[in-house]
Structures are given as structure tokens and as C-alpha cells.
Amino acid sequence: MKEFLERISQLPPKRLALLAAQLQSRLDNLERVRSEPIAIIGMSCRFPGGANSPEAFWELLRDGVDAISEVPPERWDIDAFYDPDPDVPGKMATRWGGFIEDVDQFDPAFFGIAPREAAGMDPQQRMLLELAWEALERAGQSPEQLMASQTGVFVGISGSDYYEVNMRAGQEAIDAYLASGNAHSVASGRLSYTLGLQGPSFPVDTACSSS
Numbered sequence: 036m037k038e039f040l041e042r043i044s045q046l047p048p049k050r051l052a053l054l055a056a057q058l059q060s061r062l063d064n065l066e067r068v069r070s071e072p073i074a075i076i077g078m079s080c081r082f083p084g085g086a087n088s089p090e091a092f093w094e095l096l097r098d099g100v101d102a103i104s105e106v107p108p109e110r111w112d113i114d115a116f117y118d119p120d121p122d123v124p125g126k127m128a129t130r131w132g133g134f135i136e137d138v139d140q141f142d143p144a145f146f147g148i149a150p151r152e153a154a155g156m157d158p159q160q161r162m163l164l165e166l167a168w169e170a171l172e173r174a175g176q177s178p179e180q181l182m183a184s185q186t187g188v189f190v191g192i193s194g195s196d197y198y199e200v201n202m203r204a205g206q207e208a209i210d211a212y213l214a215s216g217n218a219h220s221v222a223s224g225r226l227s228y229t230l231g232l233q234g235p236s237f238p239v240d241t242a243c244s245s246s
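Just so you know, we're using this note's numbering here: the sequence shown kicks off at 36 and counts up by one.
As C-alpha cells, then:
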């Protein structure tokens with residue numbers, strides 16, 4: 036810093052004024068970037084109670100709908116895991132929860148993913164692709180126009196339940212896609228790769244607030 040001050044102190048007044056103007060311009064640009072407003076132009080969502088769009092979610096909230104239901108049989112056998120005594124180890128003390136519909140209806144071919152690879156993907160990754168595409172559609176943004184752009188992807192993601200379930204299932208469930216299908220870093224990276232985005236790509240794990 037001392038050397039810099041000595042160098043600029045030797046500049047002619049005109050050069051010094053020009054340097055000051057350039058530095059001020061850079062500072063103004065940085066301040067403009069830091070305070071640039073953010074516009075939300077598209078949203079998509081999946082919530083219990085069949086709220087599969089922002090409009091449906093708003094109606095659910097407006098009407099005070101109770102979206103909690105008994106564990107669907109296609110999820111797991113609740114009778115095998117339920118016990119009313121909360122102190123019984125390895126059991127759950129409730130038969131109820133909030134469940135998103137059609138979590139098994141992911142279309143891998145639409146995103147250029149092989150069915151075998153899709154089977155190893157955490158549902159969080161599958162839904163991320165689906166909902167990102169829906170958000171772009173609702174925003175009127177063409178994926179082709181975004182390709183190779185400096186568009187950033189920041190994904191709130193937490194939990195590794197799907198990975199743990201597969202690990203407990205034994206060697207048959209462990210394949211070449213298990214790691215990439217469940218790593219949080221791959222969730223944001225997969226979306227960037229699928230859409231051809233070249234901006235920053237980050238997963239953000241802040242526990243329950245990640246969603």
C-alpha cells in the first residue's frame with residue numbers, strides 16, 4: 036500500500052484525475068452489482084395435498100386445507116413400522132404425514148437420462164430437474180436461450196435418506212450411479228449440466244430451512 040501511494044503521488048495532476056475517475060467508475064459498478072434488485076419471474080412447487088403449482092398451493096393455504104394424510108401404501112407398509120408407544124425402538128409413533136404425490140413419475144428420457152441411472156437418483160434430484168423446467172416454462176424462458184449463459188444455480192438441499200435406504204438394501208442396490216445420484220454437489224451440477232449453464236453452481240445445506 037505504501038508503495039502504491041508513493042507511485043501515485045508522483046503522477047501528474049491530469050493522470051491522477053484520470054486514475055481517480057477510473058477507480059470511481061469501478062467502485063460504482065461494484066456497488067451497482069451488490070445492490071442490483073432481484074426479480075422473481077417464475078415459480079414452481081410440489082406440496083402435500085396435491086398442491087403442484089403456486090396457484091394450487093395458495094388455494095390450499097387460503098382454504099385452510101389439512102394436507103396431512105395416513106402413510107400411503109405405495110410408500111411403505113405402515114403396519115410394519117407403526118407402534119403407538121414412542122419408546123419402542125425402530126418404530127414410528129404416528130401413522131400420518133405430509134406426502135407429495137407422483138414422486139415415482141419422473142420421466143428420465145425427457146432429460147436425457149438412462150432409466151437405470153434415474154433409479155439411483157435421489158428423488159430430490161429428480162424433482163429439482165422437473166421443477167426447474169416448470170419454473171422456466173412459467174417464466175417464459177427458453178432453455179435453448181439460456182444454454183452456455185453465465186446463469187447460476189443455487190440449490191437448497193438437505194438429507195440423504197435415499198442414499199441410506201439403498202445402502203441398507205445391500206449390494207444389489209449399490210451401482211455406478213449411487214454416488215452421483217445422491218451427492219448434494221451433483222444436484223446443482225446436474226441441473227447446470229442439463230441446461231448447459233456456465234455460471235456458479237452451489238448446493239446450500241442449512242438443514243430444514245434448505246427447502
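By construction, the Cβ of each residue, glycine as well, lies at the ideal position given by its N, Cα and C atoms.
- Under the DSSP definition of a beta bridge, Ser236 partners with Val188.
- Leu230 and Met182 do touch by the CB rule: their CB atoms are close to 7 Å apart, below 8 Å.
- Within the same chain, Cβ atoms closer than 7 Å to the Cβ of Glu169 are found at Ser79, the five residues on either side in sequence being excluded.
- In the DSSP assignment, Gly132 falls within the beta strand (DSSP E) that extends over 131-133.
- DSSP lists Phe82 as the beta-bridge partner residues of Ala86.
- In this structure, the alpha-carbon of Arg130 lies about 6 Å from that of Glu105.
- Excluding residues up to 5 positions away in sequence, nothing lies with its Cβ nearer than 6 Å to the Cβ of Glu207 in the same chain.
- Apart from sequence neighbours up to five positions away, the residues of its chain that approach Ile209 with a beta-carbon distance below 8 Å are Asn201, Met202, ordered along the chain.
- In the structure shown, the three-state DSSP call for Glu136 is coil.
- Nearest to Leu226 by C-alpha distance, out of Tyr198, Tyr212, Met162, Phe82, is Met162.
- The alpha-carbon separation between Pro48 and Leu65 amounts to approximately 26 Å.
- Annotation: Ser177 is outside any beta strand (DSSP E) and is labelled neither H nor E by DSSP.
- With fewer than 16 other CB atoms across the displayed protein chains lying within 10 angstroms of its CB, Ile43 is exposed.
- Three or more Cβ pairs drawn from the segment 232-242 and the segment 182-198 lie within less than 8 Å of each other, which places the two stretches in contact.
- Residue Gly99 holds the alpha-carbon nearest to the alpha-carbon of Pro83 among Gly99, Pro72, Glu41.
- The beta-carbon distance between Gln140 and Gly77, rounded to whole angstroms, is 22 Å. This is too long to meet the 8 Å contact definition.
- DSSP, reduced to helix, strand and coil, places Glu105 within a strand of the structure shown.
- Contact between the segment 83-98 and the segment 119-136 is established, with three or more Cβ pairs separated by less than 8 Å.
- It is roughly 18 Å from the alpha-carbon of Ile113 to the alpha-carbon of Ala102.
- Residue Ser215 holds the alpha-carbon nearest to the alpha-carbon of Arg151 among Trp111, Ser215, Gly224.
- Excluding residues up to 5 positions away in sequence, Ile192, Gly194, Tyr197, Ala222 lie with their Cβ nearer than 8 Å to the Cβ of Gln159 in the same chain.
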